[in-house]
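**Q**
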Amino acid sequence: MMVRKAIKRETGFAGSGSAGRQIRQQKQQKSKKWKKSLAGIGFLLPGLAGVVYFTLLPYLEVIRRSFQSAVTSEWVGLKNYQEVFGNTAFRMAAWNTIRFTAICIPLLVCLSLVLAVVLQKLKFAKNFLKSSFLIPVAIPAASVVLVWKVLFHSNGLLNVVIQWFGGEGISWMNSNYAFLVLVISYLWKNLGYDMVLWMAGLSGISTEIYEAAHVDGAGEWSCFFKITLPNLKPSLYTISVLSFLNSFKVFREAWLVAGDYPNPSMYLLQHLYNNWFRDLSFDKIAATAVINGAVVFVLILLLRKAWDSNV
Amino acid sequence: MAKLVKGMVYLPLILLAALICFPIFFAISGVVMSNWELKEYLGPVLGGMDGMASWSLFPKSPTLQSLIEVLMDSPQFFVMFWNSIKISLCILAGQTLFGVPAAWGLARFSFPGRNAVLTLYIVLMLMPFQVLMLPQYLVLNGAGLLDTHWAVILPAVFSTFPVFIMYRFFSSIPEEILEAARIDGAGSLRIFLHVGIPLGAAGIVSSGILGFLESWNMIEQPMTFLKTKSLWPLSLFLPEIGLADVGVGFAAAILMLVPALLIFLSGQEYLEQGIAAAALKG
Amino acid sequence: MNLKWKKTAKRICAGISTACLCVSGLTAMPVRAEETEAAMGRYLESEITLPENFYLQDVLGTADGRLQVIGTDENGMIGIWDSSDEGATWEETATLPEEYQDQYFTELKLNPSGGGVGVEMVSSAEESSADGVDNYEYYFVSFDAEGNAQKTLLTDEESFMLRFAGTGELVGLTYGGTAYLLDNATGEVLSTIADADADAVGIAGSEALLLTATEVQRYQISTGEPVSRDDALNDALYADGASYAVTTSAGFPIVFAQDEEGRLYYATAKGIFSHMMDGTAVEQVVDGTLCSLSDPSNAMIAMAVLNQKFFMGYADGEGSCGLRKYEYSADVSSVPSTELTLYSLKEDTGIQQAIAQYQKSNPDIYINYKVGMTGTDGITVSDALRTLNTDILAGNGPDILVMDGMSVKTYSDKGMLMDLSSVQNELKETDGVLENIAGTYQQEDGTIPAIPAKFGIPMIAGAPELIDQVDGLDSLIELAKNGDDLAPYDICILPEILYPICAGSWKNEDNTIDQEKLAEYVNTIKQVSDNFKASASSDKLEQMSWFTEESLKELDNISGVFIGDLSMGILDLLTGNIKVTMGALTDITTYAGYSAVNVKNGNCSVRRMNGQASNVFIPNTILGVLNTSANQEQAAAFLKYMLSADGEMLNKYNGFPVNQKAFDSIMDVDQYMNGKEFAMSVASSNNETGEMISLDYSWPTEEEINDLKTIAASLTVCADSERVQKDTVISEVRRCMNGEISADEAVNSIMQTINLYLAE
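Line by line, the protein sequences give chains V, C and W. Residues in the first sequence are numbered from 55 upward in steps of one, following our numbering. Residues in the second sequence are numbered from 44 upward in steps of one, following our numbering. Residues in the third sequence are numbered from 28 upward in steps of one, following our numbering.
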């Protein structure tokens, strides 16, 4: 269509040939661009259709239901949200989830960065160590549950070690230490993963910059703070997002080891979702899911913004 | 002296690596341990016996009894094993078929709403399963897919995580290469098949590995969407482990671990590249 | 070049769009293909009246069209009866000589060509005193159509399963699983057919079918030659890992029969199936789930085919037997028009019985029984409830809920349960109802969301001077100082025994848990257990170790077993092993047992037990109908049946009925005194002395019955049977009993969990 129009115009401006050609080129470029974006949509569409059908529409349904009662589907306005915010179990679960995320993600990001920097400098056994750290990624939750039970039981191996050093055994799963167990399983599973992420970022920094800095007489530390860290900033966004994503998966281990009602210190939103499901409280689940989604959304936007302004 | 200091760095690293790999050693030694030895070690933990648990990485009298028991005497183990394989492979195939083009489309084309779609993908990726459990159940129910393997496979096929990983990877391909292909007269599809896929192979493989590990590890989805127990995957085999069948528990844990570990080790190089690509700016 | 690419692109686009179409096509597909027209015709079950007080051992369709049965009559005489009108009238054609009166036959079989054989079990003269067990001799008895019999002492391994071929050859299967060809007259082994380690044997023409643990093997009866495998039959028989090992002396898990044309029929709990040997099809003729075949309390004795009808001799769970006819009716639809789904957390044989009976009288209704926790997998209560609730919210939920272990409050607060007050009112007008029990879930607005069909009463039994002192928890601690007065099993399951009479009093008004009350419960159990351990004999302490957490879990998974039942202590009270026992009384038989102990030693009574709460009863088979059900009326009709006198009397051991008529008939002493059905005795040998102790149950006196009635009328508090909370409490308390954690730790841990649970 557009091409034909362009031709028509050309005949209309027969006198000024060069100007017509220019317009035609512009039009062609535009049409090319349009075609290109059409191709992009074509690539995306089958997958997107599935995502819309299996994830997005279900989520919209959740939003609708968050304003309805669970069983009779009456419109109740914001009542569900009020109930959720007034619910002590929700407040505890939300607080635990926020606390977990706020403690674990910075901790993981920092630890894995240190590990990555150290490992990057090694000459021997680098790959071997890398593999060893990465292996937990491949261990299914169901396989590791038995180990966790044996380790963290009050008569378990960890307490044996502690007593061996003269300490006193700790009731890991039945006290506030349970939160620590949760943190440990998360770190154990994701340390290697994040480390590899960091190492990729590190390898992207050209060695010339360091050499130039060394020539200028900069020390190891100032190199790290003045060159390495700023150059790693772009990686931070992805690493944070992926660490956040993986933080949900720790629920599997927690649930398999401690069941529906673990120690309150490791009672996460997912426990609450699960238990509300059992109690048919879908209205509350929906409201919580919407809150959850909104928080994630805002977080992502903030992260992106911070990231965009930095790059 | 400096060398010594450098050497000293290895000690904590190796210790840490050993600590991290401890569960594997633990499971391996457990699986070749005889049942009475297991009971002796783990009685205080699993059987309410007095005293403290203990462990030995080297069993007194190694035996494959537990493994044999699972492999020979529990037919449902095999059924569940193949269910797991089937589900995981189908998910992989589906993710490749739908996820790779989607990632390519997002990475290499600009069109209105692209950024919105990207953000949407990331937000959906970060939703815990429980949030979507009921509406997804309703969708699957409406489609008549409940209690079939498709109920587990299809939602996972359209998971946005692999798209996210591959998107990063495709974004990192230099535009010049594509431009060169375009000058040669290649169309969009040809560029995708002949340039994009080969250059993004590592990303595809690595997202495949992560996808496999994730689907091999699924617990909540099959438990909610599959009623018929003969359809269940292996991840639901390990019941509450008591002292009586702790040997079986170890054997099942190991047998579940092996395929995951094999896939991981055989594709580790790609996996690292894939993970790494995600960290690059895209 | 470019063109070629465009083509490929087009093709791929086409491919993708087809794939999309397929997916959308799938989604558009209806869940179930609706049948446009209901197909008609189905086999219906009916009961045949046997000669009075006849205990049937075999049934046969003769070549000339008569139905023939053999069994024991009311005088203990063995007789053969014929019916030429398919069981409407019976005529005795032969009686075995008097020497066989009141003798026990392990097997009695009719020969298609007249007469029959049997195996008689006779207690031998000499008794081996060493173990106090009688020795038995087995005789092979053969008789003709007139009842003339001869017997031969069996010296070989005894056959427990005898089967006649149509031609009169006799096949015997031993306990060892070997099949022999036997002499008709003497039982002598003529030849070995096969040593196949078989669980069961059937006859198909000239072949013996031996059912092993994994396959069906075929052999020529006369030569023992193997015949090539019949794949269709094999696949049908072993479709989902079925086992045909005999587990009860009352009957068999599978029986075979043949018709004149040589077609093979077999019956299992799944139904009656038909197969032509070496044919490719095995057809289901009768669907077991639609009739009594699926009733777990029934065992099959033998099956006959006559005029295209099936006759099934069966034994029921109460020690009597009967004969059922399966006849084709063209007037009923081939599948019942209404399907109701019934859900319970744990499998319940009482419900299965009720379903089988109800379907028989309502052929247009099929009740699909779904069980949440089968015990064979790691499914927890929470998992099961989660799946159930997902189904309900998605509109796929069951029609009827048996809410044992679930929270009635959760479902009724959400408005999910239909008001059953009309059901209760109707019951009140017809049979009458124990309103203090049945109306326990009545809401303030008068609606009744659920009705318990049965109930148990927490009781304490034993020496009056001791049990009279027990009032509340403190006195239990005192009692346990004399450890030898108590039973080790009662101590082990004390958390379960005390939970119903305590848990109700823990809840504060603000929906939190009263820590002091909970601590009292935990501390009592801990102290009772400690006191017991400090003072009981080593024997008893050893017995305690039998009840591990795991063995209790396994017990809990068995259908019909109720942990904390009162029935365990009867014999120990009699022997003086213990002086007090506790638990829930759920049946009159147990009550009669304690009454019998009192008759013998004059020092035993049964009292209601109070804990932190008083006047508590334990609801059982709590019935509710979901509001989401499309068949509420039919569901309510089934509930009415379950609550009717007939329905309530099906299973007499899982609680007292709330139906007044059924309750009164159970409490009717005269009826029991006259009735034969309740003759019961238990026996056990003393571990130390080897001395045999036996107890013949005697009927409770009128006074005792009146006591029980008074107690039943005084019950007002419904125990909470909700499993999520109960399981949490009990598992922590058990850890505390084992010394894993202190009582304070247990209380804290329970408080945290339960408060979380309540806060949700």
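Just so you know, even glycine gets a beta-carbon here, dropped at the ideal spot from N, CA and C.
1) Against chain W, with Cβ distances strictly below 8 Å, would tyrosine 329/C count as a contact?
2) With which residues is histidine 302/W paired in a DSSP beta bridge?
3) Would you mind sorting methionine 227/V into buried or exposed? The rule is 16 or more other CB atoms within 10 Å of its CB.
4) Between threonine 437/W and chain V, is there a C-beta pair that is closer than 8 Å?
5) Taking a cut of 8 Å between CB atoms, which residues from the region 231 to 244 of chain V lie near chain C?
6) What is the DSSP secondary structure of tyrosine 327/V, counted as helix, strand or coil?
7) Looking at the C-beta of glutamate 115/V, does it have a partner C-beta in chain C at a distance below 8 Å?
8) Name the residue from Gln380/W, Tyr355/W, Ile528/W whose alpha carbon lies nearest to the alpha carbon of serine 73/W.
9) By Cβ distance below 7 Å, which residues in the same chain neighbour lysine 3/W in space, the five residues on each side in sequence not counted?
10) At the level of alpha carbons, what is the spacing between alanine 21/W and methionine 188/W?
11) Shortest alpha-carbon distance to isoleucine 134/C belongs to which of His237/C, Ala229/C, Pro155/C, Asn260/C?
12) According to DSSP, leucine 94/W sits in a beta bridge with which residue or residues?
13) Does DSSP put alanine 786/W in a helix, a strand or coil?
14) State the DSSP-derived secondary structure class of aspartate 592/W, mapped to helix, strand or coil.
15) Could you say if the region 602 to 618 of chain W and the region 674 to 683 of chain W meet the contact criterion of at least three C-beta pairs nearer than 8 Å?
16) What three-state label does DSSP hand isoleucine 720/W in the structure shown?
17) Checking the sheet assignment: what are the DSSP bridge partners for lysine 178/W?
18) On the three-state DSSP scale, how would you describe alanine 351/W?
19) Return the residue from the list Arg233/C, Tyr180/C, Val248/C that minimises the CA-CA distance to leucine 420/W.
20) Who are glycine 143/W's beta bridge partners in DSSP?
21) Using C-beta distances below 8 Å, list every residue in its chain close to threonine 271/C, excluding the 5 sequence neighbours before and after it, in chain order.
22) When the cut-off is 8 Å and only beta carbons count, does leucine 372/W lie next to chain C?
23) Hey, out of Ala159/C, Leu177/C, Trp147/C, Ile297/C, whose CA is closest to alanine 343/V's CA?
24) From what residue to what residue does the alpha helix (DSSP H) around serine 439/W run?
25) With DSSP as the reference, identify every bridge partner of arginine 245/W, one or two as the case may be.
26) Can we count glutamine 335/W as close to the ligand MN, meaning its CB is less than 7 Å from some heavy atom?
27) Indicate the three-state DSSP secondary structure (helix, strand or coil) for leucine 48/W in the structure shown.
28) Classify alanine 103/V as helix, strand or coil using the three-state DSSP reduction.
29) Would asparagine 775/W count as contacting chain C if we go by Cβ distances under 8 Å?
30) Would you say asparagine 213/V faces chain W, with C-beta separation under 8 Å as the test?
31) Count the other C-beta atoms from every protein chain shown that fall within 10 angstroms of the C-beta of aspartate 322/W, then say buried if there are 16 or more, exposed otherwise.
32) Please check if any C-beta of chain V sits within less than 8 Å of the C-beta of phenylalanine 154/C.
33) Quick check: is the beta carbon of alanine 266/W nearer than 8 Å to any beta carbon in chain C?
34) If I follow the unbroken beta strand (DSSP E) through isoleucine 488/W, where does it start and stop?
35) Report back the beta-carbon spacing between leucine 650/W and isoleucine 478/W to the nearest angstrom; my notes put them in contact at under 8 Å.
36) Quick one: Cα of phenylalanine 154/V to Cα of valine 237/V, how far?
**A** So, from the data block:
1) Residue 329/C is absent from the structure shown; chain C starts at 44 and stops at 325.
2) Mapped onto the third sequence, residue 302/W falls at position 275. Paired residues: Leu291/W, Val309/W.
3) As a working note, residue 227/V is residue 173 in the first sequence. Counting the other Cβ atoms within 10 Å of the Cβ of methionine 227/V gives 16 or more, which makes it buried.
4) The residue labelled residue 437/W in the question sits at position 410 within the third sequence. Any Cβ of chain V closer than 8 Å to the Cβ of threonine 437/W would place that residue at the interface, and such an atom is present.
5) So the list reads Trp242, given in the order they occur along the chain.
6) Looking up residue 327/V in the first sequence gives position 273. If DSSP states are grouped into helix, strand and coil, tyrosine 327/V belongs with the helices.
7) Residue numbering aside, residue 115/V sits at position 61 when the first sequence is read from its first letter. Chain C, which has a Cβ nearer than 8 Å to the Cβ of glutamate 115/V, makes this yes.
8) The residue given as residue 73/W occupies position 46 in the third sequence. With distances taken between Cα atoms, serine 73/W lies closest to Tyr355/W.
9) Residue numbering for chain W in the displayed model covers 28 to 787; residue 3/W lies beyond these limits and cannot be assessed.
10) Any answer about residue 21/W is impossible in this case: the structure gives chain W only from 28 up to 787.
11) Counting from one through the second sequence, the residue named residue 134/C turns up at place 91. Closest by alpha carbon: Asn260/C.
12) Start at 1 with the first residue of the third sequence, and residue 94/W comes out as number 67. Bridge partners of leucine 94/W: Gly88/W, Ser110/W.
13) As a first step, residue 786/W must be located in the third sequence, where it is residue number 759. Helix.
14) By 1-based counting over the third sequence, the position of residue 592/W is 565. Reduced to three states, the DSSP call for aspartate 592/W is strand.
15) Touching, per the Cβ criterion.
16) Taking the first residue of the third sequence as 1, we reach residue 720/W at position 693. Isoleucine 720/W sits in a strand when the DSSP states are folded into three classes.
17) By 1-based counting over the third sequence, the position of residue 178/W is 151. Looking at the DSSP assignment, lysine 178/W forms a beta bridge with Val168/W.
18) The residue given as residue 351/W occupies position 324 in the third sequence. According to the sequence provided, residue 351/W is arginine. The question's alanine does not apply to it. If DSSP states are grouped into helix, strand and coil, arginine 351/W belongs with the strands.
19) As a first step, residue 420/W must be located in the third sequence, where it is residue number 393. Among Arg233/C, Tyr180/C, Val248/C, the Cα nearest to that of leucine 420/W is on Tyr180/C.
20) Residue mapping note: residue 143/W aligns to position 116 of the third sequence, counting from 1. When DSSP reads this structure, glycine 143/W sits in a beta bridge with Leu137/W, Phe170/W.
21) In the second sequence, the residue the question calls residue 271/C occupies position 228. Non-local beta-carbon contacts of threonine 271/C in its own chain, meaning distances under 8 Å to residues more than five positions away in sequence, involve Asp190 in chain order.
22) Sequence index remark: in the third sequence, residue 372/W carries index 345 (1-based). So, not an interface residue.
23) What you label residue 343/V is simply residue 289 of the first sequence in a count that begins at 1. Among Ala159/C, Leu177/C, Trp147/C, Ile297/C, the Cα nearest to that of alanine 343/V belongs to Leu177/C.
24) The residue labelled residue 439/W in the question sits at position 412 within the third sequence. Its alpha helix (DSSP H) spans residues 435 to 440.
25) Start at 1 with the first residue of the third sequence, and residue 245/W comes out as number 218. Residue pairing by DSSP puts arginine 245/W in a beta bridge opposite Leu236/W, Val254/W.
26) By its list of ligands, the structure shown contains no ligand whatsoever, and the ligand MN lies outside what it can speak to.
27) Numbered from 1 along the third sequence, position 21 holds the residue referred to as residue 48/W. Model confidence at leucine 48/W stands at a pLDDT of 35, short of 50, so the residue's coordinates are unreliable; what they give is reported in the following sentence. Residue state, collapsed to three classes: helix.
28) If you number the first sequence from 1, residue 103/V lands on position 49. Helix.
29) Indexing the third sequence from 1 puts residue 775/W at position 748. Chain C, which has no Cβ nearer than 8 Å to the Cβ of asparagine 775/W, makes this no.
30) Here residue 213/V refers to the residue found at position 159 of the first sequence. Judged by the 8 Å Cβ criterion, asparagine 213/V is not in contact with chain W.
31) For the purposes of this step, residue 322/W is taken as residue 295 along the third sequence, with counting starting at 1. Buried is the label assigned to aspartate 322/W, since at least 16 other Cβ atoms lie within 10 Å of its Cβ.
32) Taking the first residue of the second sequence as 1, we reach residue 154/C at position 111. Interface residue, yes.
33) Counting from one through the third sequence, the residue named residue 266/W turns up at place 239. For alanine 266/W, the answer is no, since every Cβ of chain C falls outside 8 Å of its Cβ.
34) Within the third sequence, residue 488/W is the residue found at index 461, counting from 1. The question names isoleucine, yet the displayed sequence has alanine at residue 488/W. Per DSSP, the unbroken beta strand (DSSP E) holding alanine 488/W starts and ends at 478 to 489.
35) As a working mapping, residue 650/W is identified with position 623 in the third sequence. As a working mapping, residue 478/W is identified with position 451 in the third sequence. About 5 Å; that satisfies the 8 Å criterion.
36) Residue 154/V sits at position 100 when you count from the first residue of the first sequence. Residue 237/V sits at position 183 when you count from the first residue of the first sequence. Going from the Cα of phenylalanine 154/V to the Cα of valine 237/V covers about 7 Å.
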